[in-house]
Amino acid sequence: MTVPEPKDAKDPLEAATVATRSLQGLSTELTARVPQLLEAMRSVGTGLELHSTLDRICETAAELAGARYAAIGVVDEEGRGLSDFVTYGVGAETARRIGRRPDGHRGLLGALIHDPAPVRLADLTSDPRFAGFPAGHPPMRTFLGVPIRVQGEIFGNLYLAEKNGGGEFNDYDLHMVRVLATEAGIAIGNARLYEAARQRERWIDGSVAVTTALLSGGDADDALTVVAEQARRLADSAAGIVLLPAREGGLEIAAVACDRPIGTLLGTVVPAESPLVVKLLAGEAVFVVDAAADPRMITGFAERYGPSMMLPLHSGGRVLGALATPRARGARPFSEAERTLATQFASQAALALIMAEAQRDRERLAVYEDRDRIARDLHDLVIQRLFATGMMLEGAQRKSLVPAVQDGVGKAVDELDVTIQEIRTAIFALQQGPAEAPSGLRTRVLREINMAAVPLGFTPGHRFNGPVDTVVGELTGKNLIAALREALSNAFRHAGASRIDVVVDATVKLPDGCDGVRLTVADDGVGIPDGGRRSGLRNLARRAESLGGSSACGPGIGADGQGTTVRWEAPL
């Protein structure tokens with residue numbers, strides 16, 4: 018039986034008054050239950066956390082109406098199904114046997130979503146709207162359903178089943194539960210406001226954390242990881258992913274925060290022909306209901322995820338990249354409030370990225386100005402003094418009649434000439450400005466080798482195999498240069514080598530069969546001592562593993578394998 022609601026139930030407080038007045042003139046049995054109703058209303062209005070409020074409403078309604086089971090079905094934002102289903106009286110083991118909770122798309126629960134009016138049934142299984150129970154569901158016959166309104170809008174429905182004692186729900190139960198549902202609507206409204214305020218506070222705190230991390234002057238990759246981690250935490254998603262424009266077009270995954278190994282994700286390029294990339298680079302946000310089933314998701318890893326938000330990182334008309342926060346398959350979709358807050362977070366993160374980039378540019382400019390000053394001082398003061406000292410020694414050599422003195426002075430003059438050449442090489446490196454920074458990987462490798470020649474006292478040998486500049490991606494190339502710098506630094510500080518060979522091979526096959534690039538740095542130094550520090554080697558391994566590659570050490574190129582050979586490899 019469907020029971021009509023009062024026509025003047027638009028305002029929750031007014032509806033509560035009307036419903037309470039309707040109790041007047043009824044039986045003494047109902048009047049005796051009014052104190053119980055007032056206590057129930059007081060209980061429902063206690064606390065501000067939304068989910069605990071729903072739990073409390075279910076329990077209170079079941080006690081008030083003498084029902085064995087109670088539930089609240091929360092209607093989704095589209096009004097087509099249930100986004101949440103809170104129960105009372107159903108144990109954990111029973112819930113596990115039932116499995117997935119109802120979605121409200123069919124059956125009696127679905128009918129109440131489209132026609133939200135009080136319903137009282139002596140046997141719900143005989144109702145034409147009944148669609149059956151899932152396996153493991155406890156038997157239920159008597160039924161009472163009442164809509165819950167929050168600020169005039171349908172929030173969901175309160176369901177009661179199985180009246181204690183085997184009887185049916187009566188008019189008294191209906192009146193009580195309707196009043197309770199009205200009070201529940203007020204309590205839920207307050208809880209939603211509180212939850213929305215807390216949610217906004219969390220997103221604001223997350224934005225502050227991102228801005229602080231980006232402007233702290235740390236590594237840019239670490240800052241992007243902070244953005245990914247904060248986005249994942251705030252959106253309650255399975256992963257946080259930052260994508261930046263790739264050299265060859267499209268978007269490349271530059272930072273990932275998730276529980277799974279990230280080697281297969283980091284460096285993945287979503288091609289430019291993807292319709293999602295087109296929208297993101299145009300500054301449009303994309304919201305996906307199910308990433309695994311959406312035909313626009315053309316990357317392999319999309320099958321792991323369900324609801325997803327993909328937001329452009331844009332500020333001041335400039336799109337820096339995109340931020341993705343996918344949830345696991347079967348997870349609840351993102352609410353409108355979450356979408357709005359996440360969009361604002363992405364805009365704030367983009368602004369912080371731009372500010373951090375400007376700050377790094379200022380710092381870089383200050384460094385280049387300082388390097389220019391040092392180069393001028395070296396050229397105008399140090400080299401001139403060394404040259405003058407060499408001329409003085411040559412004059413003393415000619416005047417000396419002792420052969421041993423002549424030989425010693427000659428060697429000193431030769432050493433000064435070598436020192437002058439090394440300083441000139443250093444001056445050249447110092448005077449290389451940002452506009453002259455090489456873009457090709459081959460040129461960047463040569464630059465690192467020439468820079469290392471100054472402290473080493475000799476220039477390492479080098480060899481390239483394959484089209485290094487065209488097949489090695491930007492992310493892999495950047496990490497390869499960092500690995501080369503680390504390996505050369507170790508050779509200079511610890512190896513005491515007189516010979517170093519550098520090989521960059523872009524034609525190798527990795528153990529898993531993928532095409533890869535391998536960096537080999539071999540020396541004839543003292544090798545790696547037992548018990549020595551391994552922090553540099555760990556850094557090499559960490560960089561390789563973050564890309565899905567590896568790093569290892571072996572014998573060097575000296576006599577009988579003396580020295581060390583570092584092999585660092587990663588997918589192209």
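Note that our numbering gives residue 122 to position 105 of the sequence shown, counting from 1, and the numbers run on in steps of one.
For every residue, glycine included, the Cβ atom is placed at its ideal position computed from N, Cα and C.
Listed in chain order, the beta strand (DSSP E) elements of length 3 or more contained wholly in the stretch 529-587 are 532-540 and 567-572. For the stretch 67-131, the continuous beta strand (DSSP E) assignments of 3+ residues that do not extend past its boundaries occur at 84-92 and 99-105, in sequence order. In the DSSP assignment, Ile171 falls within the unbroken beta strand (DSSP E) covering Glu170 to Lys180. Beta-bridge annotation (DSSP): Leu231 is not paired with any residue.
Buried is the label assigned to Ser568, since at least 16 other Cβ atoms lie within 10 Å of its Cβ. Taking a contact as a CB-CB distance under 8 Å, the pair Gly206 and Gln168 counts as one, their CB atoms being some 6 Å apart. Thr342 has Met326 as its beta-bridge partners, per DSSP. Inter-segment contact for the stretch 486-499 and the stretch 259-270 is present: three or more beta-carbon pairs are separated by less than 8 Å. When DSSP reads this structure, Phe160 sits in a beta bridge with Leu138 and Ala178. Take the alpha-carbon of Glu80 and the one of Ile74: they are about 10 Å apart. If you ignore the 5 residues before and after Ile440, its C-beta comes within less than 7 Å of the C-beta of Leu395, Val399 and Ile400, all in its own chain and listed in chain order. With fewer than 16 other CB atoms across the displayed protein chains lying within 10 angstroms of its CB, Ala383 is exposed. Rounded to the nearest whole angstrom, the C-alpha separation of Ala375 and Ser332 is 13 Å. Taking C-beta atoms under 8 Å as the contact rule, Leu330 and Val336 qualify, at a distance of about 7 Å. Shown here for Ala514: same chain residues with a beta carbon closer than 6 Å to its own, the five before and five after excluded, namely Ala508, Asp540, Asp541 and Gly542 in chain order.
Per DSSP, Ala255 lies in no beta strand (DSSP E) and is assigned neither H nor E. Distance between Ala339 and Asp276, taken at the CA atoms: about 21 Å.
For the pair Asn496 and Gly266, the Cα-to-Cα distance works out to about 20 Å. Within the stretch 466-499, the complete alpha helix (DSSP H) segments at least 4 residues long are 485-488, listed from N- to C-terminus. Between Val519 and Gly478, the CB-CB gap stays under 8 Å. Annotation for Leu418: no beta strand (DSSP E) segment contains it, and DSSP assigns it neither H nor E. Cβ-Cβ separation between Gly407 and Leu433: approximately 5 Å, consistent with a contact (criterion under 8 Å). Three or more Cβ pairs closer than 8 Å define a contact, and the stretch 87-101 meets that threshold against the stretch 169-176. Around the beta-carbon of Asp190, 16 or more other beta-carbon atoms lie within 10 Å, marking it buried. Boundaries of the beta strand (DSSP E) harbouring Glu269: Leu268 to Cys275, taken from the DSSP string. Take Asp120, set aside five residues on each side of it, and the residues of its chain with a beta-carbon closer than 7 Å to its own are Gly98 and Leu99, in chain order.
Ala310 and Leu298 have their C-alpha atoms some 23 Å from each other.
Rounded to whole angstroms, Thr582 and Ala289 show a C-alpha spacing of 39 Å. Inclusion of Gly257 and Ala274 in the CB contact set at 8 Å is warranted, their separation being smaller than that value. A Cβ-Cβ distance of about 5 Å is found for the pair Val303 and Lys296, placing them in contact under the 8 Å criterion. The closest CA to that of Gly323, considering only Arg158, Thr104, Ala109 and Phe351, is found on Phe351.
Cα atoms of Val485 and Thr537: separation of roughly 14 Å, rounded to the nearest angstrom.
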